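Visitor:
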Amino acid sequence: MGKVYLPDSLPEVFDILSREPGAVLYAGGTDVFVKSPPGKGNDGPLVCLEKVGELTGASDLGGEVRIGACTTHREIVASRLIGEHFPLLARAARHIGAPAVRNMGTIGGNICTASPAGDTLPPLYIYDAEVELQSAKRARRLPLSSFIQGPGQTLLEGGDVLSAVYIKKDHGYTFCHFEKAGQRRAMAISIASFAFAARIGDDGRVERARCAFGSVAPTVLTMEAVDTCFAGRHVEDDVLACAAALVRAGVSPISDVRASKEYRRAVAGNLVMRLECALRGTR
Amino acid sequence: MKQTISFVLNGSAVLIEADPARRALDVLREDLGLTGTKEGCGQGECGACSIIVDGVVKLSCLMTAAQLEGREIVTIEGVAADGELHPVQAAFVEHGAVQCGFCTPGMVISAVNFLEGNPEPSREEVREALSGNLCRCTGYQKIVDAVEGAAQKMRSGGQDG
Ligand SMILES: Cc1cc2nc3c(=O)[nH]c(=O)nc-3n(C[C@H](O)[C@H](O)[C@H](O)COP(=O)(O)OP(=O)(O)OC[C@H]3O[C@@H](n4cnc5c(N)ncnc54)[C@H](O)[C@@H]3O)c2cc1C
Ligand code: FES
Ligand code: FES
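Chains as they are written, first to last, in the numbering used here: chain A, 6 to 288; chain B, 15 to 175.
#1: Within 8 Å of any Cβ in chain A, is that where the Cβ of SER145 of chain B sits?
#2: Would the region 263-274 of chain A count as touching the region 16-35 of chain B if we require 3 or more Cβ pairs under 8 Å?
#3: Please report the distance separating the alpha-carbon of VAL28 of chain B from that of ALA134 of chain A.
#4: Heavy atom of ligand 1 less than 7 Å from the Cβ of GLU59 of chain B, yes or no?
#5: Any chance the region 54-61 of chain B sits against the region 12-20 of chain A, with 3 or more Cβ pairs inside 8 Å?
#6: Per DSSP, what kind of secondary structure is GLY175 of chain B in: helix, strand or coil?
#7: Using the Cβ count rule (16 or more neighbours within 10 Å means buried), how would you classify ALA83 of chain A?
#8: Who are the neighbours of VAL70 of chain B on chain A, taking C-beta pairs under 8 Å?
#9: Going along the chain, which residues of the region 55-85 of chain B sit with their C-beta nearer than 7 Å to a C-beta in chain A?
#10: When we look at the beta-carbon of ALA234 of chain A and count the other beta-carbons within 10 Å, is it buried (16 or more) or exposed?
#11: If you count every other CB in all the chains shown that lies within 10 Å of the CB of LEU147 of chain A, and 16 or more means buried, which is it?
#12: Mind the definition here: the region 119-135 of chain B touches the region 63-83 of chain B only if three or more C-beta pairs lie below 8 Å; say whether that holds.
#13: Just verifying my parser: in three-state terms, what is the DSSP assignment at GLY291 of chain A?
#14: Which residue spans inside the region 22-84 of chain A form an unbroken beta strand (DSSP E) run of at least 3?
#15: Is there a C-beta anywhere in chain A that falls below 8 Å from the one on ARG43 of chain B?
#16: To the nearest angstrom, how far is it from the Cα of LYS45 of chain A to the Cα of ARG238 of chain A?
#17: When Cβ atoms are compared, which residues of the region 73-101 of chain A fall closer than 8 Å to chain B?
#18: Return the residue from the list A:ALA169, A:TYR130, A:ALA144, A:SER140 that minimises the CA-CA distance to SER151 of chain A.
#19: Taking 7 Å as the cut-off, does the CB of GLY68 of chain A come closer than this to any heavy atom belonging to ligand 1?
#20: Could you give the distance in angstroms between the alpha-carbon of GLY175 of chain B and the alpha-carbon of PHE91 of chain A?
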């Protein structure tokens, strides 16, 4: 069986990757070891990122927040900084797996896995998050929505580490909502998920809104036409019906072990209709 | 290729020679003989392999042995102290929360760790805390009863009531 490296710093990671170009990176292991368990097919060498100081925790940079790639879902849920500025992300993280999975799984792992069902992704799309990639040679920042190219496909190149996610604070949303439909409440990969954020004026009208959907297309689905349905309107049945119809027409879901594509299409629209219940509490 | 891994296991320092790429679960069970930690699914779904790592519950089936290095590990064997069952274990007995017992170590580990952070949980919070631990036998109600009962006892300092 192979080696396992546990570096403490990014320069150490780059050093290992230059010596062991075939090494597999992992953070929580909750995706990579499900596919190929350590010692039983995953013969490494493995590089565990959990001790790399530069990759952990959220920090306030003034206009934006940096979330280290190895920040766990548990830490995201517990972070006051994230709760205050990006409550939609905190809510989605709370819906991931169960406590032990949230204690291990990281935001960076969720992003690099690039599953259409990754629960942190719809909020991160809504907040226009950027990712930072670092290698021995360079560091670059790019929008998350261009980093993720398709299911399981990203712009990560050999030697690259996803070091952090950056989100700007000035999004101006005053209301957010996240709901996922799965086969059970815990431990369930989304059949369809819906993230919504809006700036709601004093008169109760939506000034602007953004929607993002998980598990109903090859990557997170955002649709400007759906967002436009809400602009300048109170969230009432006709607005929701219009948005839901556009969503049902716009999704391109697949059938798999969890649900059929027809079911996913119906549920995606229903999740939008259910926004009414979520908003009622705030009126 | 073995390497030396040193960590604190159930309160005692241990030093082992093990292949770092094996699963922590296998090293605990096979090398250290601590077979209380179970393998149900090997995929993170069932919680039978739960252990406490530096105060946080993790799944030993998704960890390498190398990750044990320098950590404080508690397995089910380290939950009882001085020959006395932990209040959570005692409550599992009292409430009949054990049938085949396969899920019990993971359930107890999750519950013990959860009650440390939340000594006065609601029933819903208990259910959420154990949502990653699957039980094929009990139907869960008695397990939730036991954890609620243990919380009550622990709040009243081990006295009945
Ligand atoms: C029982 C169970 C339930 C789950 N439920 C959910 C759920 O409800 N919602 C959900 O979204 N997900 C769920 N997951 C999936 C998983 O937990 C998440 O996707 C998690 O965020 C993955 O993070 P990780 O750190 O464990 O990733 P890892 O498995 O460590 O890594 C995943 C991939 O990303 C790469 N990688 C990780 N970090 C970096 C980095 N910093 N730089 C470069 N590459 C990197 C790895 O090489 C690997 O290819 C579940 C998993 C399990 C086992
Ligand atoms: S054996 Fe680890 S979660 Fe099932
Ligand atoms: S008692 Fe048998 S699995 Fe829980």
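Note that the Cβ used here is the ideal one computed from N, Cα and C, for glycine as well.
Please read these numbers as outputs of a predicted model, since none were measured by experiment.
Guide: Based on what the coordinates show:
#1: Output row for SER145 of chain B: interface = yes.
#2: No: fewer than three Cβ pairs fall under 8 Å.
#3: Their Cα atoms are separated by approximately 44 Å.
#4: At least one heavy atom of ligand 1 lies less than 7 Å from the C-beta of GLU59 of chain B.
#5: For the pair of segments examined, the region 54-61 of chain B was found not to touch the region 12-20 of chain A: the number of CB pairs separated by less than 8 Å stays below three.
#6: The predicted position of GLY175 of chain B is uncertain, since its pLDDT is 42 and thus under 50; a value taken from the coordinates is nonetheless stated next. The three-state secondary structure of GLY175 of chain B, taken from DSSP, is coil.
#7: Burial state of ALA83 of chain A is exposed, judged by a 10 Å Cβ sphere holding fewer than 16 other Cβ atoms.
#8: Residues of chain A passing the Cβ test: ARG79, ASN108.
#9: Interface annotation for the region 55-85 of chain B against chain A: GLY56, GLN57, GLY58, GLU59, GLY61, SER64, VAL70, VAL71, LYS72, LEU73, LEU76, MET77, THR78, ALA80, GLN81, GLU83, criterion Cβ-Cβ distance under 7 Å.
#10: In the sequence as presented, Ala is not what sits at residue 234 of chain A; that position holds Cys. CYS234 of chain A is classed as buried because its beta carbon has at least 16 other beta carbons within 10 Å across all chains shown.
#11: Burial call: exposed.
#12: Taking 8 Å as the limit for Cβ pairs, the verdict is that the region 63-83 of chain B does touch the region 119-135 of chain B.
#13: In this structure chain A extends from 6 to 288, so residue 291 of chain A is not present and cannot be described.
#14: The qualifying runs are 29-31, 51-53, 63-65, 69-73.
#15: False, the Cβ-Cβ gap to chain A never drops below 8 Å.
#16: Answer to the nearest angstrom: the Cα atoms are 56 Å apart.
#17: Within the region 73-101 of chain A, the residues whose Cβ lies closer than 8 Å to some Cβ of chain B are ARG79, listed in chain order.
#18: SER151 of chain A has its Cα closest to that of A:TYR130, out of A:ALA169, A:TYR130, A:ALA144, A:SER140.
#19: Using a cutoff of 7 Å, the CB of GLY68 of chain A does not count as near ligand 1, since none of the ligand's heavy atoms is closer than that.
#20: Caution applies to GLY175 of chain B, whose pLDDT of 42 falls short of 50 and renders its modelled position unreliable; the model cannot decide the point.
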